[in-house]
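Protein chains in written order, with our numbering: chain S, 643 to 1094; chain F, 2 to 805; chain H, 5 to 233.
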Amino acid sequence: MAAREPGGRDAALFAPIELTGRGFYGVVAILFLFILWGGVAYWVQFEEGLGVTGLHQPVSWGFYVTNFVFFIGISHAGTLISAILRLSKAEWRRPVTRMAEVITVMVLFIGAGQILVDLGRPDRMMNIIRYGRYQSPLLWDATSISAYLTASIVYLYLPMIPDIAILRDRLQKRKLFYTVLALGWTGSERQQRVLNRAIAVMAILVIPIAVSVHSVVSFVFSMTLQPMWHSTIFGPYFVVGAIFSGIAALIVAMIIFRKAYGLQGYLKPIHFRYLGQLLLIMSLLWFYFTFAEYLTGYYGGTPEEMKVFWAKFTGPFWPFFWGMALTNFVIPILCLVRLGRHTIAKVLTASLSVLVGMWLERFIIVVPTLSNPRLPFGEGIYWPTWVEWGELAGSFALFALFYLLFTKFFPVISIWEIREGREVGLKEVEERLLTYLPDGSEAELAETGRRW
Amino acid sequence: MRVTRRGFLQVLGGTATGAALIKQRLVKAEDAGQDLNKWATPEEVVVPSICQQCPGGCGLLVRTLDGEVAGISGNPLHPINRGTLCPKAFGGLQLLYDSNRLKGPLARDGERGRFRPVEWDEALSMVTARLSDLRAKALAHTVAILGGQYRGYRDTLWKRFAQAYGTPNYIRVRCLPPEKPALAHRLMQGVTTPLGYDLGEAQFILSFGAGLLEAWLGPVHASQAFARLRRSEERPRGRFVQVDPRRSPTAIKADRWVPIVPGTDGILALGIANALIREGLHDKEFVEEHTFGFEDWRDQRGEPHEGFKDLVLREYGLLTVSAATGVPVKTILEIARDLGTIKPALIIGERGPAYGPDDLHTRMAIHSLNALVGSIGVRGGLLIQGDLPLAPLSPVKQDEGAQRGLGQARIDGAGRGEYLLASDAPQVLAERILSANPYPINALFLFATNPLANHPTKAELARAFDRVPFIVSFSPFLDESSSMADLILPDHTYLERWQDDQVTHLAGFTCFSLARPAATPLHQTRNTADVVLQLAKALGGSIAQSLRWEKFDDLLRAGARGLYEARRGYVVSPYAEESLRKILERQGYWIPEFKSFDDFWEALGKRGAWWDPTVLPVSREALHTTPSRKFEFYSTGLKRLVDEAVKREGKTGSFVRALGGQDRGDLLFLPAVAVPSAQEPGEFPLRLNTYRLMSRPTGGGKNQPWLLEQPAVHVRMTWERWVEIHPKTAAGLGVKDEEWVWVESAKGRIRLRAKLYAGTRPDVVHIPLFGGEGPSANDLIANEVDPFRGFGLLNTTRVRIRKA
Amino acid sequence: MALWGMVIDLDRCTGCQACVMACKAENNVPAVGAGEAVRGRIISWMQVLTEEEEGHPGEIKRFMPRPCLHCDDPPCTKVCPVYATYRNPEGIVTQIYARCIGCRFCMAACPYNAKYFNWRRYQKEAPGQNPDVSVRPKGVVEKCTFCHHRLQKARDRARVEGRELAPGEYITACAEACPARAIVFGDLSDPGSDVARLARSPRAFRLQEELGTKPKVIYLTEGEGHGRA
Ligand SMILES: Nc1nc2c(c(=O)[nH]1)N[C@H]1C(S)=C(S)[C@@H](COP(=O)(O)OP(=O)(O)OC[C@H]3O[C@@H](n4cnc5c(=O)[nH]c(N)nc54)[C@H](O)[C@@H]3O)O[C@H]1N2
Ligand SMILES: Nc1nc2c(c(=O)[nH]1)N[C@H]1C(S)=C(S)[C@@H](COP(=O)(O)OP(=O)(O)OC[C@H]3O[C@@H](n4cnc5c(=O)[nH]c(N)nc54)[C@H](O)[C@@H]3O)O[C@H]1N2
Ligand code: SF4
Ligand code: SF4
Ligand code: SF4
Ligand code: SF4
Ligand code: SF4
Ligand SMILES: [Mo]
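Rendered as C-alpha cells:
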C-alpha cells in the first residue's frame, strides 16, 4: 500500500485510489449479486429465447428498448454537459466534468448492450456488419453510437492524462499501467497547449455527435408510421430528454461520491445549485416539448393516435403517464424553483425523481404505441418478467460497478483542472469578466461585483 | 350460349381463379398414384378422402409423401365442397398424428384394473367369447351398441350386425340424423326420405337457429350458398335473417339478427304466419291447391275443425308473439313482408338440438311457413332427394336366437310408448340400465361416441357403465367413455381407412363419396368396420352369412355396383365434361363413361365421389305423400298415430301423455305452440345455451392444437373453455372480462372464465362446445327429455352466475 | 413482370377461419401451446380480425381476414438492418429466416401487425408438415409469404413441361380453402385477371390507405347490387 501523504493538498481525491475500505467490498458484493441476477437471466433468455420476457404480439418491444433509450439518454450527461461547460468556460465545471464524462462512457456500453440483449438472435449480431442495410435507422444508431463512444472515450481520456501522470508519479502500485496511460506526460507547456487544444477540439466535436445519437435513437421510432411515434419533433424531444436525464444522473453520481469519498470540499452547494438550475431549465424545456407533442397529437385527433393518447392519459398506462408528469415536472419544479436552503437534498430529490420520470417517459413512448395497434386486435398489455427486471437490475449494477472501479483507478475529480483552476482560473476569470463589462470606474465595477 | 372452356370452369368455381385452381388440382387428382413429381425424391401421391370432422361430408385430397400425410386440401371435383374446406378439415392432420392416440388394443387387468396392451387376436376372441356366451344364454338382446354421428355403410354394417346377432339395441346418440327425414317433414308431408334445403338457389333465407355457417349439416356447403346469396353474377343480393338468442357468426353475417327468447321459435313462426296471412302475402295458390287444414274444415263425421288460418289469427297476434319471444312487432312484420315478397324464400327449422319442450310443434310451426310461401318443391325451396341407387344387400339372415333377441323391447324404449316417434332415446338409457328395466345390459359397444362427456346424463351414464359387465370401445383415443371400457379396439382414424359417405340432405343432388386409405396406418389399429366383419365371421352361423364380406371395401364395392348399374349419375369429373353430360341427359341420353365396373370403381377411388346432379322435376304432389296428397297443416298422420295409441293404451297412455294429453284436442295435430305465461326470474335468472363453434370438430377436437388455439373470432379465447355473458348482465354481477365465475344451475355448478360479449340477449349465457380445457356444460344441464327425439333438452336450463 | 395480389371480399367472408388453418397447415405454422397462447404469442400469418359496429361496442359488424398485405411500399422492409425482409421484384415481401437477427424492428414498423416472432422454439420437425416450407428456428420473425413456395413449384412444373405459368396456376393456400370464395388471388398487373378486375371494383378499399403503404391485399366492402365486383 502506498503511503498516504497526510495533509497533502487534494488528498481526498487520491484517497479512493490509495485506500480501499470494507464499504467498497460490501458494495461490490451487492452489485455482484445484481449482476449475477442479470447474468442468470440472460443465460436463461439465451437458452430459451425471448419467450422468457413479457413481450408478445403486439408489444414486441418493451423493457430492453426502454432501457436502451434511457441509458443512451443518460449518456448525454456526460460528454455533452461537460463539453458545453468547457466551451462556455464555466469555471464551476472543474470538479464536475470528469464524473460526467465517466458516466457517458460507462453508460454507453450498458446502453448499447441493451440492444444486444434485445436481439432474438444475438448469435447473428455480426450480420449487422455483414449485411448492413443503411436504410435502417438501427444502422444509423449503430454508427452514431460507435462514433459517440469513441469520441467520448477520447474525450474522457485526454483530460485524464495529466492526472494519470500525477498518479504515476505519486503511487507505488500499478506503475506500468499509469506509465503507459500517461503517454509520457511531463506537464511541459507545449504538452499543456496541445492537450488544451485537443480537449477543445473534442469538446466541439462531441456536441454534434451527441445530438446526433439521440436524434437517431428517436428516429428508430419516428421513422415508422406508428401512432404517436411518427413525429417530427422526436429528434429534439429525445435530445432534450437525454440531457435532462443526463444532468439528473450526474447530480446523483456527484452526491453519492461527495458523500462516499468525502468530497464536500470540492462539490459545494453552489455546484448543485447551478446544476439544479440547469435541471430546472431542462424540466421546463422537457415540459414544453411534451406539451407540444401531445397537444399536436390531440389536436390532430386521428383515431389511431387518440387510441394511444387515451391509453396513456386514462387507459391502462395512466399511472405511468401521470407518474412521468409528476416526476419529470411537478417534483423538480417544486424542489428546484427556490433553492434557498437544503440545496443538496432538494436537488437530489429532484434528480432521482427525474431519473424515474425519464425512464417512465421512455417506457410510455415505447409500449403504449405498440399495445394499441391500428387494426382491431384489441389492446395488448405488457408486464416484464423476472428476466427483464434482472437485466435492468444487472445493467444498473454493472454500470455502478464500472463506475466504482473507475474511481479505484482514477480520480473522479480532475486533479490538474482543480489545480489549474486555483492557479490560473481565478486570474483568467477576472480578466474575462473585465472584457465583458462596459468600461467604467472601479467603483462601478466594485458595485456590480457586489450586487452579483 | 357459346360455351367456352373457361366459361365452363368459371361457372364451376365462380371465378376464373377458382377455375384455374380447380384445373390445377385436377391434374393432381387425375394423376393420383402416378409419378406426378418425377423430380421430387419422395413419392408424392394425392389420394381423395372424406372429411369426418363434422357431418358435412366434404371431399378431401390428401397429399402423401411415401405414405406419410403432408397436407390436406379440398377435392375440387367434390360437389359438396368444390375444393374448399373449413378450418376443422386441417385439424385432421393433427388428429392423425396425435401422439396420444392408442397404439393398439387395450384390455384390463382384472375387474376394471389397469389397461394393458393385447394382441388383436386375443382381443377379438375376448369379444367373440362374450358375445357367443350371451347368445347361448339367450341374452343377445342385452348387448347394446351406442353409435355417434356417422352414416353410410358403417351404419349399415352395425345395423346388420345387430339384426343378425339379435339385439334391438343399436342406439344412436345424436340429435340430428341427417340421413333421415325430419319429423316435421314426415308428419306434414308424409315424406320418407330427407328433404333438402336448396340454399344455393334461395333468394331469401330465414333460419331459426340453424348454425348455417358454423355447424348444422355442413358449413362449407352452406358457406358457398351464402356467398352466392351475397354476390353472384346472375342475381341481385339475396337476404338472410338469422333467429338466434346469440349473435353467432352466422347472425353477424345475416342482414338481420333476431335475438329471441330461447325455445319460443314456434311462437315467432306463428306470429310471422299471422302477419303473412293478415297482409295477404302468403302464396294463395299453393295454399289452396296443395295444402290441407288451412281453412276451417269438417271431417267425415261432419264435425267442424278449426283451420290453421283461424288458429293463427286468433292466438298469435303480434303483440302476444312479441311479448313471448322478445322480438319487436316491427321486426315480425318486416320479416313477413320480406318472406311474402322475395322469391324463392326458404325457411330453415331443423337445427340439431331441440327448441325446448315444444320442439315438435315448433318445428311444425316453422315448416308451415315454407308452405305459406309456397317454397315446397320449388328451386330455392325444399326439394326431394333422390335415393342413392346402391345395390341392395341380401336380406339379413336371422336364426332363432336373433329373432328371439330382436323380439325384445329396446332398452331405451324408442319406437314405442311415449317414445313412439323417436328412433333412439339415449336420454333414458342411463336410468333404464341402472334400473335394469326391462332387462340388464350385459355388454356395451361404443362406436364413435363419447356419451360420458357429451350427454346431459353423463353422471348417471357413468354409474350405469359401472353396472355393465363388459364394455368395448372402438375409439382411437382414450376419452371419458373409452377410459371406462374393459376393452378398447382402436379404430383407424379417417385418413387411414376405407370409408364411404352418403349424403342425402343436399338439395338437388345425391352423392356417394368413397375413400381408400390415404395414409399408411400409423399404429396397430384396425378399421372398426373390418373388425365387425371379423367378429361376425368368428361368431359364425347366420351372423357370418349375413356379413359375409371379407373386408369392408368388399362391402363398399358391392354397394357401389348399384351406382354403376343405375344408368344415371356420374363419377365426379371436371366440370366441362360434366356439363356436357348434363346437356345430353336433359335430352334423354345417358352415356356410360366406363366399360366395366372395375373401371368405374377405379375412377370412383381416384376422383372420390359419385353423384347424380340432374334435378328430377318432382311434382309437388310427389312431395306430399300424406293421405290427403297435400301438405298438411293439420297432420292426419299424427292424428292416426295418436288414435292408434289411444286405442292401444287408453287415453292416459304414455304417448298421449308425452304429447301433452288429449285435452289439447286439435291443437295436438296443428302447429300450435303454447304461449308461456310470464315467468318470475327466480333463483336462476339466466338461460343457458350451448352451441357449436365453427372450429369445433365432432369428437371435441381436444387433440387438435390449431383449433384449440384459435377457437373463435367473436371472442378472444384460447385453449380454455369460457362462458359468454352480456356486458350489461356482467356489470350487474360485478363480473369483468376473463374473470372466473361460477355458473350454477339446479343440477350443479362449474367454474369458467367469463367472456363479455355484447352479441347476445342479456338474459342468456352461452357456453360453447369446445375441446379446450375446462369443465363441461353438461354438468349443468337438467335431465329433461324430448319424447319425440329421445334426446335431452339442451336449452331449457336456467342458471345464475357468481364471481368465483 | 407479375405483381401478385389478393382481393378479399368482406361481404362474402364468414369469419370461418378456414384460411387461418389452411395457412398453418401449408406453412408449418405450429400451435404455440396454451401457456404461450395466453401470453399473446400465437402465430397466425392469416388472422381474422373483427370490426365493431360504430357506437355499439362489442357488437361485431364484420370479419376481416388479414394476411401480410404485401405492401408495395412496405414500411417493414425499410427498417430491417440486415436485409432479412425485402420486397421481391414480383411484389412479394419475403423473409430470410437464416439472416434475421430478431430485432423485431420490422414488427414495430408494420402498421398491420402482420409479422410474428418466434419467442421460443415453437417449431419442430413433426409428421404432417409440408416439406416445401422450412421450419423456423427461435428468435426470428415470420409472416405470410403469399405461399411463395407454391409459385416456385408452379414455375418448376411449367418449366419442366416447357410452357408459361398459366394464370391461376399459382394460388395461395388460404384462397384455395376459403369456402365462401372470399379470397381471390392472382396477378394484379394482368388487367384481365380476376384480382385486377376486382381491385378496380367500386367496393374496393385498402387498409390504412392514407399511410401510403400501397397494400396489394385489397378489400371489398359490403354493398348492394349484382355481381362479384
Ligand atoms: N362445427 C361443427 N359442426 C357440427 C358439429 C360440431 O360439433 N361442430 N356437430 C354436428 C352435429 S352432431 C349436429 S347435431 C349439428 C347441430 O347443428 P346446429 O343446430 O346448427 O348447432 P348448434 O350450434 O347447437 O345450434 C345452432 C344455434 O342455435 C342457437 N340456439 C340455441 N337455442 C335456440 C333457440 O331456442 N332458438 C333459436 N332460434 N336458436 C337457438 C344457438 O345459439 C346456436 O347458434 O351440427 C353438426 N355440425
Ligand atoms: N350441452 C350440449 N351437449 C350436447 C349437444 C349440445 O348441443 N349441447 N349436442 C349433442 C349432439 S347433437 C350430439 S350429436 C352429441 C355428440 O356427442 P358424441 O356422440 O359423444 O360425439 P362426439 O363428440 O363426436 O364423440 C365422438 C367420439 O368418438 C370417438 N372417435 C373419434 N374419431 C373416431 C373414429 O374415427 N372412429 C371411432 N370408432 N371413434 C372415433 C372419440 O372417442 C370421440 O370422443 O353431443 C350432444 N351433446
Ligand atoms: S364442413 Fe365438416 S366435413 Fe366439411 S371440411 Fe368442414 S369439418 Fe370437414
Ligand atoms: S376462409 Fe374465407 S370466409 Fe373463412 S374467414 Fe377466411 S376469408 Fe373469410
Ligand atoms: S403488411 Fe406489414 S409486413 Fe406486410 S408488407 Fe406491409 S408492412 Fe410489411
Ligand atoms: S426482426 Fe429480422 S426481419 Fe425484422 S427487422 Fe429485425 S432482422 Fe429484419
Ligand atoms: S397467402 Fe399463403 S402464407 Fe399468406 S396467409 Fe394465405 S396461406 Fe398464409
Ligand atoms: Mo348431433
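Ideal Cβ positions, reconstructed from N, Cα and C, are used throughout, including at glycine.
Put simply, of 714(S), 786(S), 773(S), 770(S) the residue whose alpha carbon is nearest the alpha carbon of residue 752(S) is 714(S). The segment 241-254 of chain F makes contact with the segment 208-225 of chain F; the number of CB pairs closer than 8 Å reaches 3 or more. What residue 79(H) touches in chain S, judged by beta-carbon distance under 8 Å, is 866, 867, going in chain order. By the C-beta density criterion, residue 168(F) is buried, having at least 16 other C-beta atoms within 10 angstroms.
Contact check for residue 73(F) and residue 516(F): beta-carbon distance about 12 Å, past the 8 Å limit, so the pair fails to qualify.
The CB of residue 103(F) never comes closer than 8 Å to any CB in chain H; the least such distance is about 17 Å.
In terms of Cβ geometry, residue 768(F) and residue 689(F) form a close pair [threshold 8 Å]. In terms of Cβ geometry, residue 773(F) and residue 722(F) form a close pair [threshold 8 Å].
By alpha-carbon distance to residue 222(H), the top candidate from 10(H), 36(H), 65(H) is 10(H).
The contact set of residue 15(H) on chain F, defined by CB atoms closer than 7 Å, consists of 231, 232 in chain order. Residue 68(F) has its alpha-carbon roughly 10 Å from the corresponding atom of residue 47(F).
The DSSP-derived three-state label of residue 314(F) is helix.
For residue 696(F), the shortest C-beta to heavy atom distance toward ligand 2 is 7 Å or greater. Taking every protein chain shown into account, the CB of residue 284(F) has 16 or more other CB atoms within 10 angstroms, so this residue is buried. When the alpha-carbon of residue 71(H) is set against those of 63(H), 98(H), 58(H), the nearest one is in 98(H). Contact holds between the segment 398-408 of chain F and the segment 139-152 of chain F, because three or more Cβ pairs, one in each stretch, are under 8 Å apart.
Taking the Cα positions, residue 140(H) is about 46 Å away from residue 206(F). According to DSSP, residue pairing for residue 68(H) in a beta bridge involves 53(H). DSSP lists 502(F), 610(F) as the bridge partner or partners of residue 514(F). Of the residues assessed, residue 195(H) falls on the exposed side of the cut-off, its CB having fewer than 16 other CB atoms within 10 angstroms.
Residue state for residue 175(F) is assigned as coil, using DSSP reduced to three classes. Of all residues in the segment 51-77 of chain F, those with a C-beta nearer than 7 Å to a C-beta of chain H are 66, 69, 70, 71, 72, 73, 74, 75, reading in chain order. For residue 847(S), the uninterrupted alpha helix (DSSP H) segment begins and ends at 831-864. Of all residues in the segment 765-788 of chain S, only 766, 767, 769, 770, 773, 774, 775, 777, 778, 779, 780, 781 place a beta-carbon less than 7 Å from a beta-carbon of chain H. Not flagged as an interface residue toward chain H: residue 1031(S), since no C-beta distance is shorter than 8 Å.
The beta carbons of residue 231(H) and residue 549(F) sit no closer together than 8 Å. At a cut-off of 7 Å, the beta-carbon of residue 147(H) counts as near ligand 5: some heavy atom of the ligand is closer than that. Inclusion of residue 30(H) in the 7 Å shell around ligand 7 follows from its C-beta lying nearer than that to a non-hydrogen atom of the ligand. With a cut-off of 7 Å, the C-beta of residue 1011(S) is classified as distant from ligand 5, since no heavy atom of the ligand falls inside that distance. Contact with chain H is absent for residue 1003(S), since none of that chain's Cβ atoms lies less than 8 Å from the residue's Cβ.
For residue 1021(S), no Cβ of chain H is located within less than 8 Å of the residue's own Cβ.
According to DSSP, residue pairing for residue 692(F) in a beta bridge involves 769(F). Using a Cβ-Cβ cut-off of 7 Å, residue 67(H) is close to 714 of chain F, given in chain order. Between the alpha carbons of residue 225(F) and residue 185(H) lies a distance of about 7 Å.
Bounds of the beta strand (DSSP E) holding residue 90(H) are 89-91. Here residue 477(F) is buried: its Cβ has 16 or more other Cβ atoms, across all protein chains shown, within 10 Å.
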